[in-house]
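Position 362 of the sequence shown, counting from 1, maps to 361 under numbering that gives the first Met the number 0, and the rest follow consecutively.
Below is one structure, written out as structure tokens, with a few remarks after it.
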Amino acid sequence: MAPNLNPIKIIHWLLHPSSRIQQRVAHAAVWSFGSRFGERLIEYGRLIILARLLAPQDFGLMGVGLIALSAMESLTEPGLIEGIIQKKGKVEKYLDILWTVTLGRWFLVAALLALLSPVIARFFDAPDARLILLAVAGAALLNGFLNSGVVLLQKDLEFHKVSIGRILPLAIASGVSIGFALVFHNVWALVLGLTAKNLATVAVSYWIHPYRPRLSRRIDRARELFTFSRWIYLHRVANFVSNQADSIMLGGALGTVNLGIYQMAQRTSIMPIREIPRSLSQVAFPMYSRIQQDLDGVRKAFLGTLEATVSMALPLSIIVLLLADEIVVFVLGEKWIQAAPAMRILAMAGFINGFTTTGGALFAGVGKPWINLQLALFRAVVVVSIIFPMTRSMGLEGAAYTVLIGSAAGFLLYAFHSFRILRIKPWTIVRALAPAALATTVTTVIILGFSPVLQISSLPSLLAVIAIAGLVYISIYTLLAWK
């Protein structure tokens, strides 16, 4: 937290991180969480407006392009950035080869997307998706020119600069998407938004860091980083399978309209919940790397991260579970009502995934990235083995249940490895999470008890109920967690 409440000193603290590791971690956590919050605020404001302006078919067509892009990213990502963050000492000598490999990688991604566009469009039975895929390939190519120097900002916990590099491009992309959607009302608003975001991200990366990368032939340095990163690479591929198999199968079997509805359910349920542990873990990963020899310090940091994750993710999950219909009708519009049942299921999956995300930062940070691979592979095997019958028999809800079952399966391995590495007992975890669990339970009982009185008939009344629930939860949690 900031050293005192003087506004001028707070601003100075926010813009100039301390040299002490504890202060830098706190500074990074504030900026990382604030940045994620700002990003999601912009993104969800954009999503709500675009959901009103565009049709499920438009989101489904763009979904085809994003699934294909995600597949190519996973298959070609060598994980060199994580390798640099993990490496001790000076790492500037790796920046040129990182930029060179990244540039080549994105040229490859763009080429693969362009070449495979007819096959992908045929699989989803969406002829219109072919042109979308070509445009997405062009947008993806821009990522290759990103300044590799920005990795030093993350390694050195300078998240105030990292935040600028994320929020500014997203704001520009949102303006472009909404502007074109107001005029044309079609999928190209989404495509142009992606292009604007990537272009702005590259431009801002050269503004926030002075390093100017050049082409390099030092493949030996890339191999050196890949010694650590191969586990992260394989983990990403397995993670793609477990995270995208539901959308791929659903889109191929039920068409792009249902794909658009399902992905809207994901964005409005599982994605907000997932951002909490991702934001905290982004700070935790370099912190674990720095203190990995201090088991007691790692244990305390992990419990603090887990407690913070659950205290925010659990009440959000319950809100979606209880109010999915109202959220869809009054926020997105009635044309999205089919998304509500899947939202409830995915909210629970998102909460469970929060645990495994906190574990992911721990395992990578203490030099055991192979555990993340094991988790992802296990979850992928579970998802792939049941996705086809579940989607065929239950449609959108079947795909969502597949994600929930896969998340629960991954949680079992996560718990086993966490207890083993940290040498803690289950009761220690239960005690740390008890305030959030009890506060959420009491809040849920109160809201359900007063539900006949709390009639939700409009967006203002929905927001009022959520605000009341939030105040009740915060009050109870504060009392229970007070030490």
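From the three backbone atoms N, C-alpha and C, an ideal C-beta is built for every residue, glycine too.
- When secondary structure is reduced to three states using DSSP, His234 falls in the helix class.
- Leaving aside the five residues that flank Leu322 on each side, the residues in its chain whose CB is nearer than 8 Å to its CB run, in chain order, Ile455, Leu461, Val464 and Ile465.
- DSSP places Gly397 in the uninterrupted alpha helix (DSSP H) bounded by Trp369 to Leu421.
- In this structure, the CA atom of Met393 is about 29 Å from the CA atom of Ser73.
- Around the C-beta of Ala379, 16 or more other C-beta atoms lie within 10 Å, and the residue is accordingly described as buried.
- Contact annotation: the segment 31-50 touches the segment 168-186, with at least three C-beta pairs closer than 8 Å.
- By the CB criterion at 9 Å, Leu403 and Leu345 fall inside the cutoff.
- Leaving aside the five residues that flank Leu320 on each side, the residues in its chain whose CB is nearer than 6 Å to its CB run, in chain order, Arg343 and Ala346.
- With a beta-carbon spacing of about 7 Å, Val365 and Ile420 fall inside the 8 Å limit used to define contacts.
- Non-local beta-carbon contacts of Ala283 in its own chain, meaning distances under 8 Å to residues more than five positions away in sequence, involve Ala300, Phe301, Thr304, Thr357, Ala360, Leu361 and Gly364 in chain order.
- Annotation for Ser384: no residue places its beta carbon closer than 7 Å to its own, counting only its chain and skipping 5 residues before and after.
- Beyond the five residues adjoining it in sequence on each side, Asp219 comes within less than 8 Å, by CB distance, of no other residue in the same chain.
- The three-state reading of DSSP puts Phe122 in helix, counting H, G and I together.
- Pairing Val186 with Leu53 gives a Cβ-Cβ distance under 9 Å.
- Taking C-beta atoms under 8 Å as the contact rule, Ala398 and Ala338 fail to qualify, at a distance of about 12 Å.
- Judged by DSSP secondary structure, Arg298 falls within the alpha helix (DSSP H) whose first and last residues are Leu294 to Ile326.
- About 20 Å separates the beta carbons of Ala180 and Gly137, which is beyond the 8 Å limit, so they are not a contact pair.
- Non-local C-beta neighbours of Gly469 in its own chain, meaning closer than 8 Å and more than five positions away in sequence, comprise Pro314, ordered along the chain.
- With contacts defined as CB atoms closer than 9 Å, Gly164 and Val203 qualify as a contacting pair.
- For Ile66, the enclosing alpha helix (DSSP H) stretches over residues Pro55 to Thr75.
- Counting C-beta atoms within 10 angstroms of its own C-beta, Arg235 has 16 or more neighbours from the protein chains shown and is therefore classed as buried.
- Assigned with DSSP and collapsed to three states, Arg217 falls in coil, not helix or strand.
- Between Glu91 and Leu151, the C-beta spacing is below 9 Å.
- Using a Cβ distance threshold of 9 Å, Ala414 and Ser310 do not count as a contacting pair.
- Residue environment analysis places Arg277 among the buried positions, since at least 16 neighbouring C-beta atoms fall within 10 angstroms of its C-beta.
- Burial is judged here by how many other beta carbons sit within 10 angstroms of a residue's own beta carbon; His208 has at least 16 and is buried.
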